[in-house]
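There are 2 protein chains.
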Amino acid sequence: MEKPGLPSGTRDFGPVAMQQRKYVLNTMEKVFQLHGFQCIETPSLENLSTLQGKYGEEGDKLLFKVLNSGEYLKKTDTEDLINKNYSNITPKIADRGLRYDLTVPLARFVVMNRNEIQFPFKRYQMQPVWRADRPQKGRYREFWQCDVDVVGSNSVVSEAELVEIYQEVFKRLDLTVEIRINHRSILDSFLGILGSIENWNSFMVAMDKYDKIGRQGVVSELENRNLNHAIDAWNFICDTSELNSREEIIQSLKNYSDIQGDSLDKGINELELLYGLLDNTENVKFELQLARGLSYYTGAVFEVVVTDTKLPREYSIGSVGGGGRYDNLTSIFGLKDVSGVGVSFGLDRICDIMDVANAYPDFSESEGVLVCCMDDVALPSGAEIARNLRLIDVSVEVYPAAVKLKKQLDYANQKGLSYAVILGSREIESKTAAVKNLKTGEQVSVNWSEIQNFIK
Amino acid sequence: MEKPGLPSGTRDFGPVAMQQRKYVLNTMEKVFQLHGFQCIETPSLENLSTLQGKYGEEGDKLLFKVLNSGEYLKKTDTEDLINKNYSNITPKIADRGLRYDLTVPLARFVVMNRNEIQFPFKRYQMQPVWRADRPQKGRYREFWQCDVDVVGSNSVVSEAELVEIYQEVFKRLDLTVEIRINHRSILDSFLGILGSIENWNSFMVAMDKYDKIGRQGVVSELENRNLNHAIDAWNFICDTSELNSREEIIQSLKNYSDIQGDSLDKGINELELLYGLLDNTENVKFELQLARGLSYYTGAVFEVVVTDTKLPREYSIGSVGGGGRYDNLTSIFGLKDVSGVGVSFGLDRICDIMDVANAYPDFSESEGVLVCCMDDVALPSGAEIARNLRLIDVSVEVYPAAVKLKKQLDYANQKGLSYAVILGSREIESKTAAVKNLKTGEQVSVNWSEIQNFIK
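If you're matching them up, the sequences are chains H and P in order.
Everything in the first sequence is counted per my numbering, starting at 1 for the first residue and increasing by one.
Everything in the second sequence is counted per my numbering, starting at 1001 for the first residue and increasing by one.
Structure, rendered in structure tokens:
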């Protein structure tokens, strides 16, 4: 007999976990809708030609590929098979893959439906994605992203709206967060110091590790990358980020002569506009070290971390969301000059944190009713009482067998139900039921015609 | 430039389609919850050892298999590769597959969580499944099943509850359906006539084609299968099914001497009990030809077809749901004596039918508000007005750029919004807004402090 299990990095969600996940999903969806975003869904299966080359070399490796049906080897070359020449074999045996994120599918959707879409297109999308990553705390192979994007406008009004959405969602979830913001144009202004695009890219990769390896770790990383000439710039970035206010940070940037120019001005101006549109900037932090791995960002970049004091001090799980502006995303599919901006919420990490922080409301109590029949002949009457209660929107179950009352009440109590409606032969005869309040233990006899009113 | 497309048999769902799908999903979920069912979700990826051998030979062929990561050929034998020996190669290059239905994952879930689950376990599950079938009308490769099951009780109360759920869901969706019922024990009683298990299985496969090939088609099929001795029984089944009432059908079964015995009695008794628990049996049809392909059913079997007159006469898409009782499902994973019964709703076909039958409510009108700024300096005030309106639960967007008013109003009208709140320099000065009712065209000037009340 096989003992069943789950693939590594995947999970089942039982009734309690689902209530929690739905609570978080509904909270987000409510906020998205209050801001006029509309829901779309895209298939889990995408053509690999849509996915490959969009997430960098590392991302390509993490794509789950689906084996073609039937005789999948028929297009392969025997020489390739003998030599295990993967780069020739894989494209011939797998045409499709599993969705890796929701941004590339959005770009594909926009390009394919550009004539029906009304721009600016404000969409949200909440679906699972898959990555063949090594599973660890807060990292799963099947996990949900909840994305909000505005496509077809380059106005910073959208950036402000997305920051507000972050603020509102986490406020409703009762989690304190820090929303980190930076701007690619500001980072671009360091190109002169780095000397070449290659060096600049290398610098960004090193800086992207800051959260994991710290300030000094990035210095070593820069030395290893032959970027000694950029260590001063890195120290400047760190010192500036530690200043107390956005105004001081901006002043410091304006004083650093090596980075002056249009690019810096553009970044600073857009961030200033963005801040000006926000009601509350308390939990918004201008963080110059923020690069975000994805190369398609061209403007503002965001990252959210939970800083809630309800979490244990040593608890660390990484960011729960991020995003940014991308000016060229749809151009990979042939549609130019469509700028977009979006942010993502990582549902699974947020749920993990909600759990540790004890931030979920109490779902254990339900308003439900259990009809308990002491006798098989009572079952049809029990079914009818249940139907009548459902008419007034009460959740009702008929315990499916006339077993001992204790067993039936145990079931009701474990499910957190509020009432038991008990039917024995005496009750059937008198067209009454013993209605027991499961919270107080109180029990009274109620006529069938009165049960609706009594429970309501 | 690559032109993006979707894998065959998969679809995108835009904002309108998603409103429709959510309407159907929410309708179902509401009914499931009113009957005390609880939601679970299982991973899209399952180990192939969990899935294979559960859906028959044909089912195994239709499983989507996921290529292992990294050097997936390293365990394969070169001889096998040269000879394209699929039965040896496939198990070595693919350990996981995509969920094929929700019933086998439920069985796995119950076995893995048997110590935490409270039985009878009433769960619903609404998730996509994948089958590498040939796409055609009403048949997709990625589609949603919505399943309701009661596990751990053998009481026919659960069968009755599931029939009621079918009735209630389709009533709320405003679709007329026929719920077809049969019982495996009644079909089992034909074993004596058939002469062997093999013949009986062959007879069931032939009968299962009745919907597609008709009564005479099944006769030819029986001849081809060397089951000429069963043609009389087949004609009896068809004649009996055409009788007007359940009572007459049962009487006819009781008069057919070749099938008498415990098995027939059990089937008839359970169906009688089931009917006795139902409030309304008008749309429930006892159909002796109903076999349902899946071999794991052991008791009642169900199938639902839409018979609504809102559909064109020639419209045919097959069943929109089905299910039955299974006494041994968890035993494939090592847990014996757990009986279950469940039914499934095919979301995609139901949505297709709702569309053709024009049965959706009108979603085109939204209660939303668009804030239109005529000038960049109005944007912060626009953002603040939007925030205040959201506090009273109104969906509000700020058009992200100060473009021409006509363009902004076009956007609002196409999205079906109710009000436009227009801010020009004059309005900013006087702290007012021009509030335009987009349905009536009426426009009035409203003080900022009054906008909440005005819109409410």
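Built from N, CA and C at the ideal position, the CB exists for glycine as well.
Quick caveat, the model's predicted, so the values are computed rather than measured.
Would residue i be called buried (16 or more neighbouring beta carbons within 10 Å of its own) or exposed?
| i | result |
| --- | --- |
| Asn-235 of chain H | exposed |
| Arg-141 of chain H | buried |
| Phe-119 of chain H | exposed |
| Ile-1268 of chain P | buried |
| Gly-97 of chain H | buried |
| Arg-123 of chain H | buried |
| Asn-1182 of chain P | buried |
| Thr-330 of chain H | buried |
| Ser-1445 of chain P | exposed |
| Asp-149 of chain H | buried |
| Gln-1136 of chain P | exposed |
| Asp-1348 of chain P | buried |
| Asp-1147 of chain P | buried |
| Tyr-1086 of chain P | exposed |
| Gln-125 of chain H | buried |
| Ile-82 of chain H | exposed |
| Asn-437 of chain H | exposed |
| Leu-391 of chain H | exposed |
| Asn-1026 of chain P | exposed |
| Glu-116 of chain H | exposed |
In the DSSP assignment, find the unbroken beta strand (DSSP E) run with residue i in it and report its ends.
| i | result |
| --- | --- |
| Leu-121 of chain H | Before going further, note that residue 121 of chain H is Phe rather than Leu in the sequence given. From DSSP, the beta strand (DSSP E) with Phe-121 of chain H extends over 121-130. |
| Leu-45 of chain H | 45-47 |
| Tyr-326 of chain H | 321-326 |
| Arg-96 of chain H | 96-98 |
| Asn-1447 of chain P | 1443-1447 |
| Val-304 of chain H | 300-306 |
| Gln-1145 of chain P | 1142-1151 |
So, under 8 angstroms CB-CB, residue i and residue j are touching, yes? Tell me the CB distance rounded to an integer number of Å.
| i | j | result |
| --- | --- | --- |
| Lys-1013 of chain P | Ile-40 of chain H | First, the residue type needs correcting, since residue 1013 of chain P is Phe and not Lys in the sequence shown. That pair is a contact at about 6 angstroms. |
| Val-1163 of chain P | Val-1301 of chain P | Contact flag wrong, Cβ pair sits at about 12 angstroms. |
| Val-1343 of chain P | Tyr-1166 of chain P | 6 angstroms |
| Arg-1184 of chain P | Thr-1298 of chain P | 6 angstroms |
| Pro-1400 of chain P | Ser-158 of chain H | 5 angstroms |
| Ala-1402 of chain P | Asp-1376 of chain P | 5 angstroms |
| Pro-1015 of chain P | Gln-127 of chain H | Going by Cβ atoms, the distance from Pro-1015 of chain P to Gln-127 of chain H rounds to 15 angstroms, so no, they are not a contact pair. |
| Val-1396 of chain P | Leu-1389 of chain P | 5 angstroms |
How far does the alpha helix (DSSP H) with residue i in it reach, from first residue to last?
| i | result |
| --- | --- |
| Lys-266 of chain H | 262-277 |
| Asn-26 of chain H | 15-34 |
| Leu-1423 of chain P | Run containing Leu-1423 of chain P: none in the alpha helix (DSSP H); it sits in the beta strand (DSSP E), 1419-1423. |
| Asp-1352 of chain P | 1347-1356 |
| Ser-1220 of chain P | 1210-1224 |
| Val-111 of chain H | 103-112 |
| Trp-1234 of chain P | 1231-1241 |
| Glu-1079 of chain P | 1078-1082 |
| Thr-90 of chain H | 86-93 |
| Glu-1057 of chain P | 1056-1062 |
| Phe-1454 of chain P | 1451-1455 |
| Lys-1407 of chain P | 1405-1414 |
Scan the stretch 412-441 of chain H for residues whose Cβ lies nearer than 9 angstroms to a Cβ of chain P and list them as they occur along the chain. Gln-414, Lys-415, Leu-417
Using a beta-carbon distance cut-off of less than 9 angstroms, what residues from the stretch 33-52 of chain H approach chain P? Gln-33, Leu-34, His-35, Gly-36, Phe-37, Gln-38, Cys-39, Ile-40, Glu-41, Thr-42, Pro-43, Ser-44, Leu-45, Glu-46, Asn-47, Ser-49, Thr-50
For the stretch 1099-1106 of chain P and the stretch 1039-1047 of chain P, state whether three or more C-beta atom pairs, one from each stretch, are separated by less than 8 angstroms. yes
Identify each residue in the stretch 250-280 of chain H for which the Cβ-Cβ distance to at least one residue of chain P is less than 9 angstroms, and report them in chain order. Leu-273, Gly-276, Leu-277, Leu-278, Asp-279
So if I threshold CB-CB distances at 9 angstroms, which residues from the stretch 1219-1243 of chain P count as touching chain H? none
Segment contact, 8 angstroms Cβ cut-off, at least three pairs: the stretch 369-376 of chain H with the stretch 168-179 of chain H: no
Closer than 8 angstroms is the cut-off here; do at least three beta carbon pairs connect the stretch 1309-1324 of chain P with the stretch 1226-1243 of chain P? no
Relative to chain P, which residues along the stretch 136-149 of chain H have a C-beta separation below 8 angstroms, given in chain order? Residues of the stretch 136-149 of chain H with a C-beta less than 8 angstroms from any C-beta of chain P: Arg-141, Glu-142, listed in chain order.
Any residues in the stretch 77-92 of chain H with a beta carbon nearer than 9 angstroms to a beta carbon of chain P? Which ones, in chain order? Thr-78, Leu-81, Ile-82, Lys-84, Tyr-86, Ile-89, Thr-90
Taking only beta carbons into account, state which residues of the stretch 315-343 of chain H come closer than 9 angstroms to chain P, listed in chain order. Ser-331, Ile-332, Phe-333, Gly-334
Measuring CB atoms only, is the stretch 7-24 of chain H touching the stretch 419-432 of chain H, in the sense that at least three cross pairs come out at less than 8 angstroms? These segments do not touch.
Taking a cut of 8 angstroms between CB atoms, which residues from the stretch 296-312 of chain H lie near chain P? none
Of all the residues that make up the stretch 1-14 of chain H, which are near chain P by a beta-carbon distance shorter than 7 angstroms? Met-1, Glu-2, Lys-3, Pro-4, Gly-5, Leu-6, Pro-7, Thr-10, Arg-11, Asp-12, Phe-13, Gly-14
Okay, do the stretch 1195-1209 of chain P and the stretch 1067-1086 of chain P touch, 3+ Cβ pairs below 8 angstroms being the bar? no
Decide if the stretch 380-392 of chain H is in contact with the stretch 353-361 of chain H; the criterion is three or more beta carbon pairs, one per stretch, under 8 angstroms apart. no
For the stretch 1395-1406 of chain P, list every residue whose C-beta sits within 7 angstroms of some C-beta in chain H, in sequence order. Per Cβ criterion, the list reads Ser-1395, Val-1396, Glu-1397, Val-1398, Pro-1400, Ala-1401.
With 9 angstroms as the limit, tell me which residues of the stretch 158-169 of chain H have their beta carbon closer than that to any beta carbon of chain P; keep them in chain order. Ser-158, Ala-160, Glu-161, Glu-164, Glu-168
Three CB pairs or more closer than 8 angstroms across the stretch 1214-1224 of chain P and the stretch 1191-1201 of chain P: no
If the cut-off is 9 angstroms on Cβ atoms, which residues from the stretch 364-388 of chain H count as contacting chain P, listed in chain order? Ser-366, Gly-368, Val-369, Leu-370, Cys-373, Asp-376, Leu-379, Pro-380, Gly-382, Ala-383, Glu-384, Ala-386, Arg-387
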